[in-house]
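Residue numbers (my numbering): 142 to 418.
Even for Gly, the Cβ is constructed at its ideal location relative to N, Cα and C.
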Amino acid sequence: MAEITAAMVKSLRERSGLPMMDCKAALQEVGGDEAAAMELLRKRGALAAEKKAGRETAEGRIGAFVDREKGAGSLVELQCETAPVANNPDFKELAAKIAKQVAVTGCTDVAGLAATKCVDDPGQTVQDLLHDVLNRLRENMKIASAIRATGHVATYVHHTGKLGVMIVAEGNVQDEALLNDVCMHIAFAQPDALNREQVPADLVAKEQEIAREQIKASGKPENMIEKILTGKMNRWFSERVLLEQAFVKDDKKTVGEVLQAAGVTLKSYHRLAVGSN
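Okay, structure coming up:
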């Protein structure tokens with residue numbers, strides 16, 4: 142049997158991130174061949190992933206990436222079991238790598254994404270990356286969701302890592318500070334739609350009916366009902382529609398007014414939180 146030196150174990154430890162004893166045992170099994178030992182550890186990681194697959198993943202992190210060359214951006218939700226793992230540097234890096242994978246390849250199907258070859262290392266799949274980190278951190282983890290958008294994209298991830306926002310804008314998109322502020326507003330204000338047209342018609346009709354009945358019940362004159370109803374519905378929309386919400390950094394103006402003054406048109410937005418799907 143080939144001698145397994147401390148240097149060999151150290152080298153495999155640095156590549157795999159696994160405990161020294163695991164690395165030494167793998168090297169011993171394959172006669173000191175580092176590449177074969179690495180493959181063995183990966184296979185064991187896959188088996189460990191299967192065993193942990195049924196465990197609840199209530200924690201996690203949002204990864205974000207913007208690819209200016211392709212004009213695309215992404216948000217991904219990577220789940221794990223505990224908060225310490227969600228805040229582990231290896232887990233954070235994995236979320237960032239998967240977000241880059243989505244932005245560059247365009248794959249948002251979670252099952253299909255796992256099978257894609259890594260853009261930074263075609264010798265590995267995303268599933269391999271996942272298993273490597275799972276094997277090091279010893280928790281179940283999975284890609285829960287992935288979103289991609291094209292155009293001039295801006296992203297924001299809250300400092301907790303549990304919430305991310307992505308917007309697509311046109312016009313004066315060089316004002317990155319404003320785009321970041323809008324992302325932060327969306328994270329805080331949680332709008333339901335970009336504009337009134339995107340609010341489901343049946344929801345609007347139901348709210349109008351409720352509001353009209355409330356006005357009638359209050360005894361207001363018949364000729365005042367429609368005017369009061371318009372005011373009520375305007376307030377209702379201002380709470381739910383992004384462009385009509387009071388801007389968090391200047392509540393004297395709406396988000397739409399701030400964007401218009403800056404020459405920016407917001408085309409779409411996405412808000413993704415851990416555990417929201």
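Between the alpha carbons of Gln349 and Gly312, how many angstroms are there, rounded?
Answer to the nearest angstrom: the Cα atoms are 35 Å apart.
Using the beta-carbon count (16 or more within 10 Å), is Ala252 buried or exposed?
Exposed: under 16 other Cβ atoms inside 10 Å.
Determine the extent of the beta strand (DSSP E) in which Val405 is found, giving its start and end residues.
Unbroken beta strand (DSSP E) run through Val405: 405-414.
Express the C-alpha separation of Thr257 and Gly397 in angstroms, rounding to a whole number.
Distance between the alpha carbons of Gly397 and Thr257 is about 39 Å.
Do Val207 and Ala328 have their CB atoms nearer than 9 Å?
No. Outside cutoff.
Contact defined as beta carbons within less than 8 Å: I believe Gln220 pairs with Glu200. What is the distance between those atoms, to the nearest angstrom?
About 7 Å separates the two Cβ atoms, so the contact holds.
How big is the Cα-Cα spacing for Leu335 and Val243?
For Leu335 and Val243, the distance between alpha carbons rounds to 24 Å.
Kindly indicate which three-state DSSP category Gly212 falls into: helix, strand or coil?
Reduced to three states, the DSSP call for Gly212 is coil.
Just the C-alpha distance for Glu218 and Thr198, rounded to the nearest angstrom, thanks.
Going from the Cα of Glu218 to the Cα of Thr198 covers about 11 Å.
Put Asp269 into one of helix, strand or coil per three-state DSSP.
In this structure, Asp269 counts as helix in the three-state DSSP scheme.
Which residues bound the alpha helix (DSSP H) around Ala237?
Its alpha helix (DSSP H) spans residues 230-246.
For the alpha helix (DSSP H) holding Ala147, just list the boundary residues, first then last.
Unbroken alpha helix (DSSP H) run through Ala147: 147-157.
So for Cys259, helix, strand or coil by DSSP?
In the structure shown, Cys259 sits in coil (DSSP, three-state: anything other than H, G, I, E or B).
Please name the residue in Pro160, Glu144, Leu271, Glu385 whose C-alpha comes closest to that of Ala240.
Taking only the C-alpha atoms, the option nearest Ala240 is Leu271.
May I ask which residues mark the beginning and end of the alpha helix (DSSP H) holding Leu304?
Run containing Leu304: none in the alpha helix (DSSP H); it sits in the beta strand (DSSP E), 304-312.
At which residues does the beta strand (DSSP E) containing Ala285 begin and terminate?
Note, Ala285: beta strand (DSSP E), 283-291.
Beta-carbon within less than 6 Å of Val314's beta-carbon, same chain only, minus the 5 sequence neighbours each way: which residues are those?
Closer than 6 Å at the Cβ level, and outside the excluded window around Val314, lie His293.
In terms of DSSP beta bridges, what is Ala387 paired with?
For Ala387, which the question treats as bridged, DSSP gives the partners Thr395.
So for Ser226, helix, strand or coil by DSSP?
One point to set straight first is that residue 226 is Val, not Ser, in the sequence displayed. Residue state, collapsed to three classes: helix.
CB Ser157 to CB Asp273, shorter than 9 Å?
Yes.
Going by beta-carbon coordinates alone, are Tyr95 and Ala166 separated by less than 9 Å?
What is shown of the chain runs 142 to 418, which leaves residue 95 out entirely.
Just to confirm, are Leu407 and Ile308 a CB contact at a threshold of 9 Å?
The answer is yes: Cβ separation under 9 Å.
State the Cα-Cα distance for the pair Met325 and Ala342, rounded to the nearest angstrom.
Straight-line Cα distance between these residues: approximately 28 Å.
Taking a contact to mean a Cβ-Cβ separation below 9 Å, would you say Gln214 touches Arg337 in this structure?
For the record, residue 214 in the displayed sequence is Gly; it is not Gln. Result no, Cβ atoms of Gly214 and Arg337 do not sit closer than 9 Å.
Who are the Cβ neighbours of Ala352 in its own chain at under 7 Å, not counting the five residues just before and after it?
Contacts found: Leu370, Lys373, Met374.
Quick check on Ala424: does DSSP put it in helix, strand or coil?
Given a span of 142 to 418 for the chain in the structure shown, any question on residue 424 remains unanswerable.
Let me check one thing: in DSSP terms, what residues is Val382 bridge-paired to?
Paired residues: Ala334.
Taking C-beta to C-beta, are Gly305 and Leu216 nearer than 9 Å?
Going by C-beta atoms, Gly305 is nearer than 9 Å to Leu216.
Provide the residue(s) that pair with Glu206 in DSSP beta bridges, ordered along the chain.
First, the residue type needs correcting, since residue 206 is Phe and not Glu in the sequence shown. Note: Phe206 sits in a beta bridge opposite Ser215.
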